[in-house]
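**Student:** Numbering-wise (UniProt numbering), the sequence shown opens with residue 1 and increments by one.
Note that CB positions come from ideal geometry on N, CA and C, so glycine has one too.
Encoded as structure tokens, here's the structure I'll be asking about.
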Amino acid sequence: MDRQEKLRRLEATKRRVPALSASALAGLLQDIEANGLPGLSGRKHVKEATVNSLDMNSYGDLIQIVHITGKDNKNIPLVYANFFTLLQGFFLQCKPFRDLLISTMQGAAARALSLCFYADEINPGNSLAVEQNRKIWCVYLSFLEFGPVILAREQAWLPICCQRSTLVSALPGGVSQLAACILEDIFNSDRAEPEILGIQLQGPAKELYKLRFTLGAFLQDGQAHKLLFSVKGDSGTRCCILCQNVVAQGSNLEDAVLTSLASAEEELILTSDADFERSVQTLLRKHTELNKGDFALWQQACGITYNPAALIFQPSLQRLVKPISQWLHDWMHCFFQKGIWLLGLTIPFPS
């Protein structure tokens, strides 16, 4: 068959089937050429295959739904993936991921792996539109031991949750409460005990592997860290929660850059997890002692916002969540997008 005949057949095939993008059609044909036909081709079979994937229940149903009472007393359903079942599904069906995880567990020997929690708000629509009502909060999980090169690839991250921002903002604790629900489902679940006993992962040949992990880091940009840990950030008097003596300094100068009295690294007094926990406990005590106005001033001074539904105020997660040692900056935002690289560039080259 010459090239012209092949092109005519390809065009005829494209016109016979429902509309597909050129890349989708090309990918479908290439997969059939490489792997052959799947044996089932009806529309009902496509639906059945999807249902079959969702029915993976090694550690319970893949899709979890938790109902939360919102700010206006409306019922808000939070939908997210069962991490244990999702991890088992990836481990069983994806050989590159399975090989990566096995080699990582072997390299760690008896040590537990460190789970990395990544959350960010994205806008799949037109970012310049006036109404950005398609915004969603996305949560991904991976392991720090994979290393920076592997973690720079999206295939190394397991998608756990995609929730509309409008629903998340209606929660009493916002995205911080969403994170608390997901972490509760992983570390305080009756399905598995990942920190001590670990979880069993089964390979395609029925071989078993034990995986132990604990919470290791929260990888986010500054705004997400601020919302997740209920800290005021640059709007608070204590504008950096990682330092004890970085206090906001007002300035009337138009081109003022420094907003803190501490301007050198050796002047910083770093905060520990114990220091932060003491601040949280003091805030809880002051909430019962002070009137509304004085308590607002206390929150402003300590740089923490009180919200009983937020992540850092959950007693059941207190042993896990350590905002100081687990604070991991998203380097792209920290250095490049409105970050210190641009600031450092503008100081010697002012406009």
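Going straight from the alpha carbon of Glu145 to that of Ser114, what length do you get?
**Tutor:** Position 145 of the sequence shown holds residue 145. Position 114 of the sequence shown holds residue 114. Near 7 Å, if we compare the C-alpha coordinates of Ser114 and Glu145.
**Student:** Three Cβ pairs or more, each shorter than 8 Å: is that satisfied between the stretch 302-318 and the stretch 231-245?
**Tutor:** Short answer: they touch.
**Student:** Taking the DSSP output, what are the residues bridged to His67?
**Tutor:** As a first step, residue 67 is located in the sequence shown; it is residue number 67 there, counting from the start. Pro77.
**Student:** Hey, out of Asn73, Glu5, Ala309, Cys116, whose CA is closest to Gly147's CA?
**Tutor:** As a working mapping, residue 147 is identified with position 147 in the sequence shown. Measuring from the Cα of Gly147, the nearest candidate turns out to be Cys116.
**Student:** Where does Leu208 fall in DSSP's three states?
**Tutor:** The residue labelled residue 208 in the question sits at position 208 within the sequence shown. Of the three classes helix, strand and coil, the one that applies to Leu208 here is strand, per DSSP.
**Student:** Based on the DSSP output, what are the partners of Val231 in its beta bridges?
**Tutor:** Residue mapping note: residue 231 aligns to position 231 of the sequence shown, counting from 1. Partner(s): Ile304.
**Student:** Taking the beta carbon of Pro194 as the centre, do at least 16 other beta carbons fall within 10 Å, making it buried, or is it exposed?
**Tutor:** Along the sequence shown, one-based indexing puts residue 194 at 194. Pro194 is buried by the Cβ-count criterion.
**Student:** For Val17, which residues of its own chain have a beta-carbon under 6 Å away from its beta-carbon, when the five flanking residues on both sides are left out?
**Tutor:** Residue numbering aside, residue 17 sits at position 17 when the sequence shown is read from its first letter. Around Val17: no qualifying Cβ.
**Student:** In or out: Gln220 buried (at least 16 other Cβ within 10 Å) or exposed?
**Tutor:** The sequence position of residue 220 within the sequence shown is 220, counting from 1. So Gln220 ends up on the buried side.
**Student:** How big is the Cα-Cα spacing for Tyr140 and Gln155?
**Tutor:** What you label residue 140 is simply residue 140 of the sequence shown in a count that begins at 1. What you label residue 155 is simply residue 155 of the sequence shown in a count that begins at 1. So the two alpha carbons sit approximately 11 Å from each other.
**Student:** Taking the alpha carbon of Asn123 as the point to measure from, which residue in Gln88, Leu92, His45, Gln163 has its own alpha carbon closest?
**Tutor:** Your numbering for residue 123 matches position 123 in the sequence shown. Of the listed residues, the one whose Cα sits closest to Asn123 is Gln163.
**Student:** Considering Cα atoms alone, identify which of Phe295, Val175, Ser316, Val321 is closest to Phe276.
**Tutor:** For the purposes of this step, residue 276 is taken as the residue at position 276 of the sequence shown. The shortest C-alpha separation from Phe276 is found at Val321.
**Student:** Can you tell me whether Met1 is buried or exposed? The criterion is at least 16 other CB atoms within 10 Å of its CB, across all chains shown.
**Tutor:** Taking the first residue of the sequence shown as position 1, residue 1 is located at position 1. Met1 should be labelled exposed.
**Student:** Pull up the distance between the alpha-carbon of Ile63 and that of Ile102, whole angstroms please.
**Tutor:** As a position in the sequence shown, residue 63 is number 63, starting the count at 1. As a position in the sequence shown, residue 102 is number 102, starting the count at 1. Rounded to whole angstroms, Ile63 to Ile102 spans 25 Å at the Cα level.
**Student:** Among residues of its own chain, excluding the 5 on either side of Leu167, which ones have a beta-carbon nearer than 6 Å to its beta-carbon?
**Tutor:** Position 167 of the sequence shown holds residue 167. Only Ile76 meet the Cβ criterion.
**Student:** Exposed or buried, which one is Cys94 when buried takes at least 16 other CB atoms within 10 Å?
**Tutor:** Position 94 of the sequence shown holds residue 94. Exposed: under 16 other Cβ atoms inside 10 Å.
**Student:** Would you please verify whether the beta carbon of Pro194 is less than 8 Å from any beta carbon of chain B?
**Tutor:** Reference to chain B is not applicable here, since this structure consists of a single protein chain.
**Student:** With a floor of 3 residues, list each beta strand (DSSP E) that falls wholly inside the stretch 151-218, ordered by position along the chain.
**Tutor:** Whole beta strand (DSSP E) segments, 3+ residues: 158-164, 199-202, 208-211.
**Student:** Roughly how far, in whole angstroms, is the beta-carbon of Arg191 from the beta-carbon of Gly27, given that I think they are within contact range, below 8 Å?
**Tutor:** As a working mapping, residue 191 is identified with position 191 in the sequence shown. As a working mapping, residue 27 is identified with position 27 in the sequence shown. The Cβ separation is near 36 Å, so there is no contact.
**Student:** Just tell me which of Glu48, Ala34, Glu33 has its CA closest to the CA of Leu40.
**Tutor:** Residue mapping note: residue 40 aligns to position 40 of the sequence shown, counting from 1. Considering only alpha carbons, the answer is Glu48.
**Student:** With C-beta atoms as the reference, is residue 355 less than 8 Å away from Tyr80?
**Tutor:** With the chain running from 1 to 351 in the structure shown, residue 355 is simply not present.
**Student:** Which one or two residues does DSSP pair with His119 in a beta bridge?
**Tutor:** The sequence position of residue 119 within the sequence shown is 119, counting from 1. The sequence given here places Ala at residue 119; His does not occur at that position. Answer is Val139, bridged to Ala119.
**Student:** Can you give me the C-alpha to C-alpha distance between His329 and Gly233, rounded to a whole angstrom?
**Tutor:** Looking up residue 329 in the sequence shown gives position 329. Looking up residue 233 in the sequence shown gives position 233. Cα to Cα, His329 sits roughly 14 Å from Gly233.
**Student:** Taking the beta carbon of Thr13 as the centre, do at least 16 other beta carbons fall within 10 Å, making it buried, or is it exposed?
**Tutor:** The residue given as residue 13 occupies position 13 in the sequence shown. Exposed.
**Student:** Of the choices Thr346, Ala112, His225, whose alpha-carbon is the least far from that of Gln326?
**Tutor:** Position 326 of the sequence shown, counted from the start, is the residue given in the question as residue 326. Minimum Cα distance to Gln326 is reached at His225.
**Student:** Taking the straight line between their C-alpha atoms, what separation do you get for Asn35 and Leu201?
**Tutor:** Walking along the sequence shown from the start, residue 35 turns up at place 35. Walking along the sequence shown from the start, residue 201 turns up at place 201. The alpha-carbon atoms of Asn35 and Leu201 are separated by roughly 27 Å.
**Student:** Measuring straight from C-alpha to C-alpha, what distance separates Phe313 and Ile32?
**Tutor:** Residue numbering aside, residue 313 sits at position 313 when the sequence shown is read from its first letter. Residue numbering aside, residue 32 sits at position 32 when the sequence shown is read from its first letter. Going from the Cα of Phe313 to the Cα of Ile32 covers about 52 Å.
**Student:** Under the rule that 16 or more other beta-carbon atoms within 10 Å means buried, what is Thr271, buried or exposed?
**Tutor:** In the sequence shown, residue 271 corresponds to position 271, counting from 1. With 16 or more other Cβ atoms within 10 Å, it is buried.
**Student:** Grab me the residues of Leu208's own chain with a C-beta within less than 8 Å of its C-beta, minus the 5 sequence neighbours each way, in chain order.
**Tutor:** Taking the sequence shown and counting its residues from 1, one reaches residue 208 at position 208. Excluding positions up to five away in sequence, the list reads Gln200, Leu201, Gln202.
**Student:** Taking the alpha helix (DSSP H) that Leu86 falls in, what are its first and last residues?
**Tutor:** Locating residue 86 in the sequence shown gives position 86, where the first residue counts as 1. Start and end: 83-93.
**Student:** Taking DSSP as the reference, what is the three-state secondary structure of Leu62?
**Tutor:** The sequence position of residue 62 within the sequence shown is 62, counting from 1. Leu62 falls in the coil class under three-state DSSP.
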